[in-house]
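*Asks:* Got a structure for you, written out below as structure tokens; questions coming shortly.
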Amino acid sequence: MSHEHTPAADQAEKYDFAAIQEAWLPVWDELNPFSTDDATDERPRKYVLDMFPYPSGDLHMGHAEAFALGDIVARYWRQRGYNVLHPIGWDSFGLPAENAAIKRGVDPRAWTYGNIEQQKSSFRIYAPSFDWSRELHTSDPEYYRWNQWLFLKLYEKGLAYRKASPVNWCPNDQTVLANEQVVDGHCERCGALVTKRKLTQWYFRITDYADRLVDDLEQLADTWPHKVLSMQRNWVGRSTGADVEFHIEGRDDPVTVYTTRPDTLYGVTFMVVAPDSELASELVEGAEPELREAFDAYLEKTRGETDIDRLSTEREKSGVFLGRYAVHPLTGERLPIWAADYVLADYGHGAVMAVPAHDQRDFDFAKAFELPIRIVVDTTVEETDAAPLRAETMTEALAGDGVLVNSGPYDGLRKAEAIEKITASLRESGLGAPAKNYRLRDWLISRQRYWGTPIPIIHCEQCGEVPVPEDQLPVTLPPAEGLDLRPKGASPLGAADDWVNVACPTCGGPARRDSDTMDTFVDSSWYFLRYLSATSDDVAFDVEEAKRWAPVDQYVGGVEHAILHLLYARFMTKVLHDLGYVDFVEPFTALLNQGMVLMDGQKMSKSVGNLVEFAGELAAYGADALRVTLAFAGPPEDDIDWADVSPAGSSKFLARAWRIAHDVSSEPDLEFSDGDVQLRRQVHRFLDDAPALIESYKFNVAIARLMELVNVTRKAIDAGPGAGDPAVREAAETIAIALNVFAPYTAEDMWSHLGYEPAVANVTWREADPTLLVEEEVTAVVQVNGKVRGRLQVPPSIAPEELERLARADANVQRAIGDAEIRNVIVRAPKIVSIATAK
1 MSHEHTPAAD QAEKYDFAAI QEAWLPVWDE LNPFSTDDAT DERPRKYVLD MFPYPSGDLH
61 MGHAEAFALG DIVARYWRQR GYNVLHPIGW DSFGLPAENA AIKRGVDPRA WTYGNIEQQK
121 SSFRIYAPSF DWSRELHTSD PEYYRWNQWL FLKLYEKGLA YRKASPVNWC PNDQTVLANE
181 QVVDGHCERC GALVTKRKLT QWYFRITDYA DRLVDDLEQL ADTWPHKVLS MQRNWVGRST
241 GADVEFHIEG RDDPVTVYTT RPDTLYGVTF MVVAPDSELA SELVEGAEPE LREAFDAYLE
301 KTRGETDIDR LSTEREKSGV FLGRYAVHPL TGERLPIWAA DYVLADYGHG AVMAVPAHDQ
361 RDFDFAKAFE LPIRIVVDTT VEETDAAPLR AETMTEALAG DGVLVNSGPY DGLRKAEAIE
421 KITASLRESG LGAPAKNYRL RDWLISRQRY WGTPIPIIHC EQCGEVPVPE DQLPVTLPPA
481 EGLDLRPKGA SPLGAADDWV NVACPTCGGP ARRDSDTMDT FVDSSWYFLR YLSATSDDVA
541 FDVEEAKRWA PVDQYVGGVE HAILHLLYAR FMTKVLHDLG YVDFVEPFTA LLNQGMVLMD
601 GQKMSKSVGN LVEFAGELAA YGADALRVTL AFAGPPEDDI DWADVSPAGS SKFLARAWRI
661 AHDVSSEPDL EFSDGDVQLR RQVHRFLDDA PALIESYKFN VAIARLMELV NVTRKAIDAG
721 PGAGDPAVRE AAETIAIALN VFAPYTAEDM WSHLGYEPAV ANVTWREADP TLLVEEEVTA
781 VVQVNGKVRG RLQVPPSIAP EELERLARAD ANVQRAIGDA EIRNVIVRAP KIVSIATAK
């Protein structure tokens, strides 16, 4: 197939990015060079994936960076001989679209799909190497049908369940939030202060996978950012310790308390329970009216507080004595039981043993309410001149290590040995056992909003919870028209009578659909698999396709998803593995996080007045200049300040590279075995260095090396062997092939001017000639007392001893030394010899 180059772009003296874009977009549309539909393609496979965008409007500068970086990786591996899957879709359900539609009085569908078309148009000009045949939108029934199928699979396995419990409530969006969606006590979507409500909600039992979510991170230790690995571990928050049984006077069943420090058990002087726990409510039943009234008031106050506030070590401690006592399991001592808001209902078992001498919050509480403090770990044992420890003079808890004191038979033991022996004693006496605890809580997935996946459960008075039969999926959303979508605490779907009232699939009696919708993180927890069978009506994804393509080889996206999305996707992958649908347990083999694009040191915002519009920059400089600018700005993980970069400078570089292709006067298909040797060495050093740079995400360094090659080639044309030299053509072709990774329009136009058919994106990266990588000679500098006194031309492999001998024999060096005594010689072969003399 022959493609005539558009004359508008064929101006040897002028680099016209707009004309070049206009010329090549329709050609690429016709060629479809990034399709992965050929089942007979035997090339090795790579799956490169960008975190898919949310359609809140046009693309922004953050999108520009993220998708430029992902495309560098995809284009690079394609040129290295791989069949690369690089799909695109839209994470199109969710609160922002619903809120925007409510504000404008339009259907969320119209708002969402209008934005998708706008973003798609911008993507087309920006030219990432997407396989558009696999495009998906999570708000399509063809997609969310499979969300419902996954829900039913988890429900069958006992991993989806409904329960009443205190939940995070956003008063602004009028919906519940998962723990992961609360940031510093505020809704991560709208910033409203989050409160607690007791509601019946749907959960996924992610805690069943807590250990695997921690342990399997070892598989990613060398390919994920350490920061993200640490955040994942910390969120799961696994700790080891012991469960200890405390009997409550007047109560048949003991209360189990989890502690990471069983070595401090003899220091327990009281017990604290969460005021919003079921245990606290039980313990005050039948209490004196005055006590009950005080507790109820305290409980009401606690419900208005965030978990962040409650756990703060800086706020004044508060609490209510419940009039009940626990019995110390080892000493039989009576321990008063208090309700205090610094204990959370979902931590451990909702109760803690208070060791005020060795825990700061317990210490502060004990001081506030004049409760006993008993030191049981001497933390000054290594200090020879330390004053004796006394509880009454303490100003803060003793958190360090030491030896046990006031601990009966365990006195004198160190922490580790004491934990082991006390835990063993508890187990032998039936009063405790080794245990693990986790910060992670089950994933709350139900939302009281319209624009999401309907939960495929029917509630029947006779049959209870009834799953929607698979052959009745998808349960589609009713039209928004006629529904009041404004947030009001209950799902708008509950008012859609024709939709919500149905016959029970089991008994045929009257029943109601569940009116909540799923958290949109369900959509993104498995979307990378749907790309493999994006148009299938029969399966969520083809198992054999998953074996061929998955897991994702390279994932690219923002660090803001370090917990939420990545944790849920890892969980869902492990569930699908256990169900037999995939043969791997981690979804994303390698992860690249990009930084933010700022302006004048601040996050871009219309309200601040520093917003840089992607569309405006694209129109002003073109796609290639933006892509090069973003990749050249620094390491991908660093923030970019748009005020400090120069798309105009990138455009000048591209124009300089583009003119080289116009100036080449030799014919294509030359055997590159002759020509200017020094230029050929530069070309092959670049071919050898660039792959390692790109594979280690040093895109800016790779571009810098490419700039050097452009400059050397320009010099060879203007002042060297000339435009007809075979080495110049070899350099120009190398520049075009490499430039495809960063600036595809310019690369394609160069490739055409060099006499080749499109698409350069499918041209294999050339291998470096090892004979051209060997330097025949290097210059060794000889210094005497810090001043350069000689230069030697030596082989790169010269031995240090030989280099020193040559340096000492050099006439200029000998004159500089004269009769002085040589005190020291430092040799760094093959580049430097430094001689120091006695002055």
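Numbering follows UniProt numbering, in which position 583 of the sequence shown is assigned residue number 583; successive positions increment by one, without gaps.
Even for Gly, the Cβ is constructed at its ideal location relative to N, Cα and C.
#1: State the start and end residues of the unbroken alpha helix (DSSP H) segment that holds Asn-234.
#2: Give the single residue among Pro-141, Ala-39, Asp-810 and Gly-62 whose Cα lies nearest to the Cα of Ala-631.
#3: Kindly indicate which three-state DSSP category His-5 falls into: helix, strand or coil?
#4: Going along the chain, which residues of its own chain have a beta-carbon closer than 8 angstroms to the beta-carbon of Thr-200, five neighbours each way excluded?
#5: How many Å lie between Thr-734 and Val-683 at the Cα?
#6: Give the DSSP bridge partners of Met-353, in chain order.
#7: Considering only residues of the same chain and omitting the five flanking positions on each side of Arg-205, which have a CB-CB separation below 6 angstroms?
#8: For Arg-361 and Glu-461, what's the separation of their Cα atoms in angstroms?
#9: Residue range of the alpha helix (DSSP H) that Leu-477 falls in?
#10: DSSP beta-bridge partners for Pro-434?
#11: Kindly identify the DSSP beta-bridge partner or partners of Gln-118.
#12: Three-state secondary structure (DSSP) at Thr-517?
#13: Applying the 10 Å Cβ sphere with the 16-neighbour rule, what's the burial state of Lys-46?
#14: Anyone know if the C-beta pair for Leu-709 and Glu-470 falls short of 9 angstroms?
#15: Given a cut-off of 9 angstroms, decide if Gln-448 and Thr-223 are closer than it, judged by their beta-carbon atoms.
#16: Taking Gly-191 as the reference, which of Trp-202, Tyr-203 and Pro-171 has the closest Cα?
#17: Give the range of the alpha helix (DSSP H) segment to which Tyr-209 is assigned.
#18: Are there 16 or more other CB atoms within 10 angstroms of the CB of Ser-139, so buried, or fewer, so exposed?
#19: Among Asp-769, Arg-828 and Ala-747, which residue has its Cα nearest to the Cα of Lys-783?
#20: Give every residue of the same chain whose Cβ lies closer than 7 angstroms to the Cβ of Ala-435, excluding the five residues on either side of it in the sequence, and list them in chain order.
#21: For Ile-248, count neighbouring Cβ atoms within 10 angstroms of its own Cβ and tell me buried if that reaches 16, exposed if not.
#22: Can you confirm whether the stretch 745-759 touches the stretch 655-672 when touching is taken to mean that 3 or more C-beta pairs between the two stretches lie within less than 8 angstroms?
#23: Considering only the alpha carbon of each residue, which of Gly-89, Pro-108 and Leu-85 lies closest to Leu-95?
#24: What would DSSP say about Gly-70, mapped onto helix, strand or coil?
#25: Output the distance between the C-alpha atoms of residue 867 and Gly-432, rounded to the nearest integer angstrom.
#26: Quick check: the stretch 673-681 against the stretch 711-730, are at least 3 beta-carbon pairs closer than 8 angstroms?
#27: Could you tell me whether the Cβ atoms of Glu-586 and Thr-573 are closer together than 9 angstroms?
#28: Cβ of Val-575 within 9 angstroms of Cβ of Leu-529?
#29: Quick one: grab the DSSP three-state call for Thr-175.
#30: Please list, in chain order, all residues of the same chain as Trp-149 whose beta carbon is under 7 angstroms from its beta carbon, the five residues on each side excluded.
#31: Under the three-state reduction of DSSP, which class applies to residue 841: helix, strand or coil?
#32: I need the straight-line Cα distance from Ala-625 to Ser-536, nearest angstrom please.
#33: So, at 8 angstroms on beta carbons, what are the nonlocal neighbours of Gly-489 in its own chain, with the 5 sequence-adjacent residues on each side left out?
#34: Which residue's Cα is closest to the Cα of Tyr-527: Ala-546, Glu-98 and Val-355?
#35: To the nearest angstrom, report how far apart Tyr-113 and Pro-55 are at their CA atoms.
#36: Going by DSSP in three states, Phe-321 sits in which element: helix, strand or coil?
*Replies:* Checking against the coordinates, here is how it stands:
#1: 226-236
#2: Gly-62
#3: Residue confidence for His-5 is low, a pLDDT of 45 falling below 50, so the modelled location carries little weight; the figure read from the coordinates is stated next. Looking at His-5 - three-state DSSP - the assignment turns out to be coil, as it is neither helix nor strand.
#4: Arg-162, Lys-163 and Ala-164
#5: 7 angstroms
#6: Met-271
#7: Leu-159 and Asp-442
#8: 47 angstroms
#9: It is not in any alpha helix (DSSP H) - Leu-477 carries neither H nor E in the DSSP assignment.
#10: Ala-242
#11: Bridge partners of Gln-118: none, in fact.
#12: strand
#13: buried
#14: no
#15: no
#16: Pro-171
#17: Looking at the DSSP string, Tyr-209 is not in any alpha helix (DSSP H), and its letter there is neither H nor E.
#18: buried
#19: The question names Lys, but residue 783 is Gln in the sequence shown. Selected option, being the one with the closest Cα: Arg-828.
#20: Gly-241, Ala-242, Asp-243 and Tyr-258
#21: buried
#22: yes
#23: Pro-108
#24: helix
#25: Residue 867 cannot be examined here, being either before or after the span of the chain that is shown, 1 to 839.
#26: yes
#27: yes
#28: no
#29: strand
#30: Glu-470, Leu-473 and Ala-540
#31: No information on residue 841 is available, as it lies outside the stretch 1 to 839 that the chain covers here.
#32: 38 angstroms
#33: Gln-174 and Gln-448
#34: Ala-546
#35: 8 angstroms
#36: strand
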